[in-house]
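A.B. asks:
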Amino acid sequence: MTIKEAAAILDAEVLTCEDRLDQEIRTLCGSDMMSEVLAFTQEGTFLLTGLCNPQVMRTAEMMDLMCVVFVRGKKPTEEMLEMAREEGLVILATRTGMYNACGKLFVAGAGSGCI
Amino acid sequence: MEDALILEYKVHDGEFQRAGEVSSDLKKKLKAMGVPMDTIRKISIAMYEGEVNMVIHANGGDITVEITPEMIKMILADVGPGIEDIDKAMQAGYSTARDEIRNLGFGAGMGLPNMKKNTDRMNIETVVGQGTTITMEVDL
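In structure tokens, the structure reads:
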């Protein structure tokens, strides 16, 4: 599954790096705790989170994540989007909640889960 | 250390928004030097966890990075409250973080274990009421 396909499943808005949507998703993670993301995810992971602050962008930068989806209607600030653009990080935003978003991607066979 | 490139940084007190700036700058420099990406990632995770800890627990501090062809050494020094029980602090899941920090996505108690996991050697020197110095080394 590509990021583009995942965005369609989640009815998500693409907020950055529209030219990087063809990347294949391999591993996924749903978490609001950045300490756990740092401990348990791999580089290139597709992250779903309801946490919306600049530390999510820093975590994504340190872990070389592929994409961050803000769930349950959370919207990042322009400062956060700028941080994402600098790293080539795709940012999506969806109104879907965490459980449903993870479930929809899981059922569609998106990839394997980290945590 | 002979022929070491020394980088010195300040981590600012209470500025959670800025936490990670030092780690980000170091990561960019290591990339420019051609350090392997896997190694950069390990260093970045360890540094970032350490940097965030300094803001959350210790009112900021100083970070020194020494780079040689063989190794990267990171020294994180603060004058915060110190660590009362290092063994407990090293347990995954144990945290003394305030609730407001957990609301920011940290304080899960994974910081120190993560730092140890991603480095080849880690040493903690601490005095309660005076401060903590954590030294980490990653072989290149």
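Chains Z and F are the protein sequences, given in the same order.
So the first sequence is residues 1 to 115, counted in the working numbering.
So the second sequence is residues 1001 to 1140, counted in the working numbering.
Where a beta carbon is used, it is the ideal one built from N, C-alpha and C, also for glycine.
Just to make sure I have the definition right: I need the residues of chain A whose C-beta is within less than 7 Å of the C-beta of residue 60 of chain Z. Which are they?
C.D. replies: Given the protein chain composition of this structure (Z and F), no chain A is represented.
A.B. asks: Please name the residue in Z/12, Z/9, Z/83 and Z/91 whose C-alpha comes closest to that of residue 45 of chain Z.
C.D. replies: Residue 45 of chain Z has its Cα closest to that of Z/91, out of Z/12, Z/9, Z/83 and Z/91.
A.B. asks: Under 8 Å, Cβ to Cβ, is there at least one residue of chain Z near residue 1098 of chain F?
C.D. replies: For residue 1098 of chain F, the answer is no, since every Cβ of chain Z falls outside 8 Å of its Cβ.
A.B. asks: What residues are listed by DSSP as bridge partners for residue 1139 of chain F?
C.D. replies: Residue 1139 of chain F pairs with F/1071.
A.B. asks: Taking the alpha-carbon positions, what's the residue 1135 of chain F to residue 1027 of chain F distance?
C.D. replies: Cα to Cα, the separation comes out at about 18 Å.
A.B. asks: From the DSSP secondary-structure annotation, give me the bridge partner or partners of residue 90 of chain Z.
C.D. replies: For residue 90 of chain Z, which the question treats as bridged, DSSP gives the partners Z/67.
A.B. asks: Taking Cβ positions only, does residue 34 of chain Z come closer than 8 Å to chain F?
C.D. replies: Yes, residue 34 of chain Z counts as interfacial toward chain F.
A.B. asks: Using a Cβ-Cβ cut-off of 8 Å, state whether residue 53 of chain Z counts as contacting chain F.
C.D. replies: Interface residue, yes.
A.B. asks: With a CB to CB cut of under 7 Å and the five nearest residues on each side skipped, what residues in its chain are close to residue 1025 of chain F?
C.D. replies: Nothing meets the Cβ criterion.
A.B. asks: Please name the residues in the segment 1078-1092 of chain F whose beta-carbon is closer than 9 Å to at least one beta-carbon of chain Z, in chain order.
C.D. replies: Within the segment 1078-1092 of chain F, the qualifying residues are 1092.
A.B. asks: Spatial neighbours of residue 1088 of chain F within its chain, please: CB distance less than 6 Å, with the 5 preceding and 5 following residues excluded, ordered by chain position.
C.D. replies: Excluding residues within five positions, the ones whose Cβ falls inside 6 Å are 1094.
A.B. asks: Let me check understanding here. Comparing Cα to Cα, which of Z/96, Z/109 and Z/61 lies closest to residue 1143 of chain F?
C.D. replies: The structure shown has nothing for residue 1143 of chain F, since chain F only spans 1001 to 1140.
A.B. asks: What does DSSP give as the partner residue(s) for residue 112 of chain Z in the beta ladder?
C.D. replies: Z/27.
A.B. asks: Per DSSP, which one or two residues make a beta bridge with residue 1077 of chain F?
C.D. replies: BP columns for residue 1077 of chain F point to F/1062 and F/1133.
A.B. asks: Taking DSSP as the reference, what is the three-state secondary structure of residue 1121 of chain F?
C.D. replies: Reduced to three states, the DSSP call for residue 1121 of chain F is strand.
A.B. asks: Chain Z beta carbons: is any one of them nearer than 8 Å to that of residue 1049 of chain F?
C.D. replies: At least one chain Z Cβ lies under 8 Å of residue 1049 of chain F.
A.B. asks: For residue 1106 of chain F, which of F/1114, F/1112, F/1097 and F/1113 has the nearest alpha-carbon?
C.D. replies: For residue 1106 of chain F, the nearest C-alpha among the options comes from F/1097.
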